[in-house]
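Input: a single structure, listed below in structure tokens.
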Amino acid sequence: MNLPLSWRFARRELRGGLSGFRIFFACLVLGVAAIAGVGSLADAMLGGMASQGRVLLGGDVAVGLVHRETTPREQAWLEQHGRVSEVISMRGMAYAIKHGAEAERQLIELKAVDGLYPLYGHVGLTPSGTLSSALTCDARQCGAAAEQTLLDHLHIGLGSVLRIGTQDFRITAILTDEPDRLSGGFSLGPHVIVSDAGLKRTGLVTLGSLIEYSYRVAMPSSPEAFRHDARKAFPDGGWAIGDRNHAAPGTQRFIRMVTMFLTLVGLTALAVGGVGAGQAVGAFLDRKRAEIATFKAMGAEGGTIFLMFFLQVMAIALAAVVIGLIAGAALPFAVQAAYGADIPTPTKFAIYPGPLWLAAAFGLCSAAAFAIPPLARAREVAPAMLFRDVVAPVNARGRLPYLLMAGGAGAIVVALALIVAPSPLFAAYFIAGVAGGLVALTLFAQLFRFVLRRLPRTRIPTLRLALANLTRPGAATSSVVVALGLGLTLLSAVMLLDHTIAVQVKDDLPGTAPTFFFVDIQPDQTDEFDRTVHGFHSSEYRRSPMIRGRITALNNVPARLAKVDEGARWALSGDRGITYAATPPEGTEITEGKWWAGNYNGPTLISFDGELAQGMHLKLGDTITLNVLGREITGAIANFRHVDFSNGRQNFVLVLSPGLIDHAPHDFLASVRVPPAEEEAMYRAVTDRFPNVSTVRVKDAIAQVNGLLQELSDGVRGASLVTILAGLFVLAGAIAAGQRARLYDSTVLKVLGATRARIAAVYALEYGLIGFVTGILALGAGTLAAWAVTHYVFGVKFLFDAGTALITVGGGAFATLVFGLVAAWAALSARPARLLRAP
Amino acid sequence: MPAIQLENISLTLTSAAGPVAILRDLSLTVEDGEAVALLGPSGSGKSSLLMVAASLEAPTSGRAIVAGQDITRLGEDALARFRREHIGIVFQSFHLIPTMTALENVAVPLELAGTPDAFARAKAELETVGLGARLEHYPGQLSGGEQQRVALARAIATRPKVLFADEPTGNLDGATGAGVADLIFALHARSRTTLFLVTHEEALARRCSRILRLKDGRIVADEKAAS
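Encoded structure:
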């Protein structure tokens, strides 16, 4: 092999232009642009969040506590490190005061801030002004800044009065920008900011209420040193410490997961394009057979021939990759121009080399993986073919080293995808699914042709001609089935998954979930609350004591050091609701162990979620340490339960035996179902009588979740279209490649007396059949993939959707039909004489 | 030492209809500097014999020694190196590389052989065949006769020991074909390269020193040409 010489020849060959490589080029540009664009956008968002970390968090570090404020010693320790700002967050009910009485009401996310808030960034208010002046209290009222959605919901405006708990607040400003909102998590209602003094007047702050305290510290020292010192100073403090480098871990993880999925979709587009690339390279080399043979006759070695054409293909691939990278790098700027201020995260628009390198590597390696096999076959062209077509058969698969080289390029793609994926297991399943799909579709395409060839000859001439077209040498059947089939498989899998989850959330969940959740029922309110609820035709009423706490150790090993599977780590990352019960709550399904005796009063025992226990490698008798209100409680696991979070009912990961936990200050959580006709009446009754109780209307929460899911699924479906587009490119390429044969066929058929309608019917039948069969196959593969995900990942019942079936099968048939007939139009329009006169 | 020595060469190809015997136990010796014409009807095995002798196709059995080397023992890449060092071939259909200029086409075998002044020598060869003014023209911009002259310049550029020509005038009109034939024989006379010419034209064959007649894969006549 002589690299400089091969490159010299390759350069001369490239003068022939891109003819035959347009589809290869387009697919590569599309795949690379998608991967580079998604990666660049994600980096822009993550980069923005990183650079704004202290603004998003509200400080360089934030110490989170549930149910309690800092002790004086803790407060003093924090103040030694820098300026400390306290932010108190809770859910509550806001009542519009109209004509002196409570009118409409709404669940809100209430935030009380001190005079230092925000330590970083600034709060957006309309009309503009300082936050402290907007929140000022006088003897009767305090000021509040609320989101416009609350005002809309309660039909009030600026200057109106709200009642929260027992305190009235005048809305002095509309909250337009809350710098630390992203780190606050999921919102169930509009946000309202009041002063800490105002909150105290509401009467909602009682020991045991579900209140989160956050202490933000602006400090010069590093967050790592702070964490280290905090662990030493307050080992049992139950502090949840966030820092500016991980300001919104949930959002950051979400962005990384979506990026991974979209990158994998981009890779699928590259795989679909790869099928077309293999076809294009194969067809190109078929046209070059005489040249290859000539080179060989002049003494060129096989390696030189391979390298010469490999360099050409890779030069074209490189040009496509560069264009794809330019398009991808420009995507964040295009998004900025199109959406600007609507982007929910701080975004730093720039060129990010990381995703560009990655996309380039994906593009070039995919191109090599798909192009090398036909190049290896071309290397085997015998020079004797210059004299006649019948020559000794060549090695049809190419030599092993070349196939290993192709496999190596493919392996690099897979390895890179796994390395950069935040969830390598998901990426591995996805890639295995795509690879399996490619193999299955290829085998099916061969089987399809095999079966068609062996069908008894039909007496319907149109059908006979259509079937003959599908099985003749060089027919586009295989490439269309594989390329379009893979895209349609992905689309149908995504649509079926979307349908299953949407039905669960929108239709099934309301059938099993309660109508209301009531949070923060005080112990002295329980009897009256029960009576109020029972005044309606309520069912499935359940009221449980609830206190929040963190799991701090498993078998005395600190939680951060414990060996825990990825899928179970969430349970250690924040506060969990804890309840206690003497007897198993209704509907409890114990999977292992036994419940404690009804009169048990010994050391704390724990009933734990069996599935989580597996992820935490816990067995009966193991200990779990909880931090509740700054105190450590250690208990032994007495039994495991099956906890089903998908039904939307009250569920607790941790149920403790009474005896210790019931002495801690706590309140109650209740849930109930009422007939729709009584829903509004119960809402008003409870909110009228218990202004301190936060009433969560489940259908509102479901609607909110459903809205988020809808946005997500729209995005995912949109991304899947990239793969469909690549499939259509390949389809167009395959049809275009057969255009000459089409022209010849139609000319001969016309000479033999076939009308244009008859010929068009042959083509319609041919392309419609191939598209229909591809759609059916893709639907089958997509259904299998969607079933596997719903069954093994989500653990819910799979639901088939006829609409998806229609789109997949009908879309497949329609696309091939349209592309095929458009291409055939030229052939149908050609006059036979012109072609017959041609030399 | 003979330029070409074929011993008991047989060639059988497989086809859908079964094996086809192309060459049957054929032996032949061509001396260095000889000009040999191979005549015979279509399907007699002329081109196949040329392919075996030019190391483009391996015989099913027998031994072929060309330019002193037993080419039946060489692997694919060794055969390629053998061809670029010892063999030049002119095809009926020219087989020029369409994306390369006349100069580049002629330079290819020299470049493959690692000749340092490949382009200077290619230019000289093209001038020899009368195409000094067509160096930068692509094959598509040349007439059939000009293309065949480029092919001839390319075939002789490496100073091969044996020049194979397969129906070199077959795709050309009479006058142009005659011009190309004159050139081939002039170059042969000047360089004393062994010439192995496949043709169906009796007149062209008679310009060689020896005529072999082939029928059904066997040499049926081996005669000295009258000229």
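Read top to bottom, the protein sequences are chains L and X. Position 525 (the first sequence) corresponds to 525 in this note's numbering; numbering is contiguous. Position 222 (the second sequence) corresponds to 1061 in this note's numbering; numbering is contiguous. Glycine residues also receive a C-beta, built at the ideal position from the N, C-alpha and C atoms. None of these values were measured; they are calculated from a predicted model.
Below-8 Å beta-carbon distance, VAL287/L vs any chain X residue:
According to the sequence provided, residue 287/L is Arg. The question's Val does not apply to it. Chain X, which has no Cβ nearer than 8 Å to the Cβ of ARG287/L, makes this no.
At what residues does the alpha helix (DSSP H) containing ALA823/L begin and finish?
Annotation for ALA823/L: the continuous alpha helix (DSSP H) segment containing it runs 802-829.
Contact with chain C by MET314/L, beta-carbon distance below 8 Å
Given the protein chain composition of this structure (L and X), no chain C is represented.
From SER720/L to VAL481/L, what distance separates their C-alpha atoms?
In a straight line, the C-alpha of SER720/L is about 17 Å away from that of VAL481/L.
Does GLU13/L come out as helix, strand or coil in the three-state DSSP assignment?
Three-state result, GLU13/L: helix.
Please confirm whether THR1038/X has its beta-carbon closer than 8 Å to some beta-carbon of chain L.
Answer no: the Cβ-Cβ gap between THR1038/X and chain L never drops below 8 Å.
Using a C-beta cutoff of 8 Å, does MET298/L count as contacting chain X?
Yes, MET298/L lies at the interface with chain X (some Cβ there is under 8 Å from its Cβ).
Could you pull out every residue in the same chain whose Cβ sits closer than 6 Å to the Cβ of ALA240/L, ignoring the five residues on either side in sequence?
For ALA240/L, where only same-chain residues beyond five positions count, the Cβ hits under 6 Å are GLY64.
Does ILE936/X have its Cβ less than 8 Å from a Cβ in chain L?
At a cut-off of 8 Å between C-beta atoms, ILE936/X counts as an interface residue with respect to chain L.
List in chain order: all unbroken alpha helix (DSSP H) runs of 4+ residues lying wholly within the region 12-63 of chain L.
Segments of the alpha helix (DSSP H) lying fully in the region 12-63 of chain L: 22-51 and 53-57.
VAL793/L, buried or exposed, once every other Cβ within 10 Å from all chains shown has been counted against 16:
Its Cβ having fewer than 16 others within 10 Å, VAL793/L is exposed.
In angstroms, rounded to a whole number, what distance separates the CA positions of ASP1012/X and SER982/X?
Cα to Cα, ASP1012/X sits roughly 11 Å from SER982/X.
Would you kindly work out how many angstroms separate the C-alpha atoms of PRO858/X and LEU852/X, rounded to a whole number?
Straight-line Cα distance between these residues: approximately 6 Å.
Curious, which full-length alpha helix (DSSP H) runs of at least 4 residues does the region 88-154 of chain L contain?
Counting only runs of 4 or more, we get 131-134 and 148-154.
Which complete beta strand (DSSP E) runs does the region 541-567 of chain L hold, if anything under 3 residues is left out?
As far as the region 541-567 of chain L is concerned, it has no whole beta strand (DSSP E) run of at least 3 residues.
For SER887/X and ILE861/X, believed in contact at Cβ under 8 Å, the rounded distance
The C-beta separation of ILE861/X from SER887/X comes to about 5 Å, placing the pair in contact by the 8 Å criterion.
Is the separation between the beta-carbon of LEU799/L and that of VAL503/L shorter than 8 Å?
Yes, they are a contact pair.
Compute the Euclidean distance between the alpha carbons of THR176/L and MET49/L, then round it to the nearest angstrom.
Approximately 19 Å between the Cα atoms of the pair.
So that I know if they touch, is there some Cβ in chain X lying closer than 8 Å to that of GLY302/L?
By the rule that beta-carbons nearer than 8 Å mark a contact, GLY302/L touches chain X.
Output yes or no for whether 8 Å exceeds the beta carbon distance between ARG457/L and ARG449/L.
Between ARG457/L and ARG449/L, the C-beta spacing is not below 8 Å.
Report yes or no: do three or more beta-carbon pairs, one from the region 537-547 of chain L and one from the region 724-734 of chain L, lie closer than 8 Å?
A contact between stretches requires three or more CB pairs, one per stretch, nearer than 8 Å, and the region 537-547 of chain L fails this requirement with the region 724-734 of chain L.
Taking ASP916/X as the query, report the chain L residues whose CB atoms sit under 8 Å from its CB, ordered along the chain.
For ASP916/X, the chain L residues whose Cβ falls inside 8 Å of its Cβ are GLU301, GLY302 and GLY303, in order along the chain.
Just verifying my parser: in three-state terms, what is the DSSP assignment at PRO355/L?
Three-state DSSP puts PRO355/L in a helix.
Among ALA824/L, TRP357/L, VAL29/L and TYR541/L, the one whose alpha carbon lies nearest that of LEU743/L
Measuring from the Cα of LEU743/L, the nearest candidate turns out to be ALA824/L.
So for LEU867/X, helix, strand or coil by DSSP?
Here LEU867/X sits in strand by DSSP.
Going by DSSP, which residues form a beta bridge with ASN627/L?
Bridge partners of ASN627/L: ARG550/L and GLU632/L.
Kindly give me the distance between the Cβ atoms of ALA961/X and VAL945/X, rounded to whole angstroms, as I take these residues to be in contact under 8 Å.
Yes, ALA961/X and VAL945/X are in contact; Cβ-Cβ is about 4 Å, under 8 Å.
Is ALA815/L closer than 8 Å to LEU455/L when the C-beta atoms are compared?
Cβ atoms of LEU455/L and ALA815/L: not closer than 8 Å.
Quick one: what does DSSP say GLY535/L is sitting in, helix, strand or coil?
When DSSP states are grouped into helix, strand and coil, GLY535/L belongs to the coil group.
May I have the straight-line CA-CA distance separating PHE370/L from MET939/X, to the nearest angstrom?
Cα to Cα, PHE370/L sits roughly 28 Å from MET939/X.
If we ignore side chains and look at the alpha-carbon of each, how far apart do GLY901/X and ILE412/L end up?
For GLY901/X and ILE412/L, the distance between alpha carbons rounds to 47 Å.
The alpha helix (DSSP H) with ARG1057/X in it runs from where to where?
Annotation for ARG1057/X: no alpha helix (DSSP H) segment contains it, though the beta strand (DSSP E) segment containing it runs 1057-1063.
Along the alpha helix (DSSP H) that carries ARG449/L, what are the first and last residues, could you check?
According to the DSSP assignment, ARG449/L belongs to the alpha helix (DSSP H) that extends over 424-454.
Simplified DSSP assignment, three categories, for LEU78/L
Residue state, collapsed to three classes: helix.
Output yes if chain X places a C-beta closer than 8 Å to the C-beta of PRO473/L; else output no.
At a cut-off of 8 Å between beta carbons, PRO473/L makes no contact with chain X.
Buried/exposed call for HIS642/L, threshold 16 Cβ in 10 Å
Classification for HIS642/L: exposed.
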